[in-house]
Amino acid sequence: MIRRPFFPLGLALATAVAAGAAAAQPAAQPAARVDRFEGDVAAAEALARRGAHSDAAQRARRVTAAYAQQGARNSSEYNSAGRAYVLLGTGNAGAVRSALSAFDRAVKADSSNFDAQRRIGALFLDKYNAPEARASYEAVLKRAPNDVDALLGLAQVEEFEGKGTALVTARRALAIAPQHAGVLAYVARLHLDAETFDSARSTAQRAIAADSSSIDAWSVLGAHAWLSGDSTAYRRALQAVTGLQPQPSAFFTALAEAAGRQRRYAESVQLAQLAVRYDSSSFKALGVLGTYPIARGANDRRASCGGTEPSALDPFNLWHKNTLDLLDKMRKLSHGLARSLSKSSRLSTMPNCWRCTSSRCSSGRTIRCRCATRIAHRHRSASSSSGNTPTSRYGPWGWWGWALWG
């Protein structure tokens with residue numbers, strides 16, 4: 000008798016195990032998509048917006064430490080790690096490079112992660128690399144032509160490049176999203192720089208109506224009020240910003256830059272000093288303090304920057320570095336000129352005659368002296384060594400001619 004094999008039972012068991020694994024797989028996939036770093040990064044960014052940079056950096060370090068030890072499981076976690084590194088990028092070129100690496104890995108893990116791609120463009124623009132920033136934003140717009148944030152970033156790149164199309168690109172973004180607070184605040188600042196003050200004020204008010212927590216929009220309103228002398232509107236803007244950011248360094252930095260663009264350099268420096276008082280690590284405010292002293296005739300780089308150089312906090316900014324190097328050269332030239340003048344005055348000044356105390360002219364030479372022989376004898380060696388002796392210059396008058404007419 001042929002025994003039936005046990006195959007159907009084994010097949011049933013195998014099918015049951017496979018079904019159980021398949022049932023468990025959908026539950027495991029959402030867990031793999033969870034971003035473990037999102038909460039801490041969002042909290043750190045909120046603290047940074049309020050001006051609590053030390054607390055924000057502490058939370059960001061917690062994220063970067065976990066990322067260094069455990070790595071990232073998905074594109075979103077790579078993106079969050081990059082955001083944490085950005086918060087640590089002030090004065091830390093290594094953190095900036097780590098942020099770029101994390102964003103690149105996020106895009107590599109998920110090519111549809113447009114947020115990471117836009118952050119790459121923003122990071123390049125923040126570090127003054129316009130070609131790479133443009134390439135990043137254009138890569139997003141190629142796949143999503145109506146991406147408003149990418150259009151805003153592209154407008155900022157065009158402004159950095161000195162092109163006149165920045166406002167046109169920003170208006171393209173407004174046509175897609177008329178209530179986008181970020182785009183409205185940016186357009187308002189462009190109007191303020193172009194000295195179309197009415198348009199700047201109305202556009203900034205639209206931005207605040209769309210998002211009352213927009214510090215950029217309040218800064219434009221505050222700058223407009225400061226430049227126009229409207230103290231009531233200025234106090235209202237300052238009060239609103241202080242409620243959002245108790246240490247309103249960004250507000251005063253925006254005002255300082257606006258005043259500088261209007262050639263009001265003394266006021267610009269005063270506003271930048273207020274910004275540095277609230278946040279000593281604000282490299283933009285320190286940059287104002289280090290740049291505009293040239294227009295005020297100063298030539299001491301450390302004194303103008305309050306003892307801290309902006310290039311130390313923002314090592315990628317070549318404009319600050321070149322300006323401060325120029326201040327160094329001006330200081331050295333002025334000191335060298337002062338030493339040369341001092342040395343020349345010591346050589347050309349001759350003391351009054353010890354015998355008759357005659358007066359001297361501005362060059363140090365005696366006008367008239369009754370004891371010319373004594374004075375001539377005192378300077379005979381110097382004149383002879385130079386080959387320009389009184390005898391060769393005044394002929395038969397000799398030393399008498401030097402004393403009377405020299």
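Numbered according to numbering that gives the first Met the number 0, the sequence shown spans residues 0 to 405.
Cβ atoms here follow ideal geometry from the backbone N, Cα and C, with glycine treated the same way.
No experiment lies behind these values; they were computed from the predicted model shown.
For residue i, does the count of other Cβ atoms within 10 angstroms reach 16, so buried, or fall short, so exposed?
| i | result |
| --- | --- |
| R369 | Unreliable positioning characterises R369 in this predicted model, as indicated by a pLDDT of 46, which lies under 50. The coordinate reading is nonetheless provided below. Flag for R369 reads exposed. |
| R32 | exposed |
| T164 | exposed |
| K162 | exposed |
| D197 | exposed |
| Q68 | exposed |
| A208 | exposed |
| N145 | exposed |
| R142 | exposed |
| G289 | buried |
Within the continuous alpha helix (DSSP H) that includes residue i, where are the two ends?
| i | result |
| --- | --- |
| K283 | 282-290 |
| R188 | 180-192 |
| Y66 | 52-69 |
| V167 | 165-175 |
| Y127 | No alpha helix (DSSP H) contains Y127, which DSSP labels as neither H nor E. |
| D34 | Unbroken run through D34: none, as it is neither H nor E. |
| D278 | Where D278 is concerned, there is no enclosing alpha helix (DSSP H), given that its DSSP letter is neither H nor E. |
For residue i, which three-state DSSP category applies?
| i | result |
| --- | --- |
| P245 | coil |
| Q261 | coil |
| N78 | helix |
| K162 | coil |
| A108 | helix |
| A143 | coil |
| L87 | coil |
| T252 | helix |
| D215 | helix |
| T195 | coil |
| A302 | Because A302 carries a pLDDT of 45, less than 50, the predicted location of this residue cannot be relied on, and no value is offered for it. |
| D103 | helix |
| R49 | coil |
| R205 | helix |
| D210 | coil |
| R72 | coil |
| R359 | The predicted model places R359 with a pLDDT of 46, which falls under 50 and marks its position as unreliable, so this point remains unresolved. |
Within this structure, are the beta carbons of residue i and residue j separated by less than 8 Å?
| i | j | result |
| --- | --- | --- |
| G152 | G120 | yes |
| A176 | V147 | yes |
| T287 | A271 | Here residue 287 is Val; the residue named in the question, Thr, does not match the sequence. Cβ atoms of V287 and A271: closer than 8 Å. |
| A236 | L226 | no |
| A249 | A222 | no |
| L189 | R205 | no |
| A55 | A65 | no |
| A83 | F36 | yes |
| V156 | A132 | yes |
| A216 | A187 | yes |
| D34 | E76 | yes |
| G90 | P245 | no |
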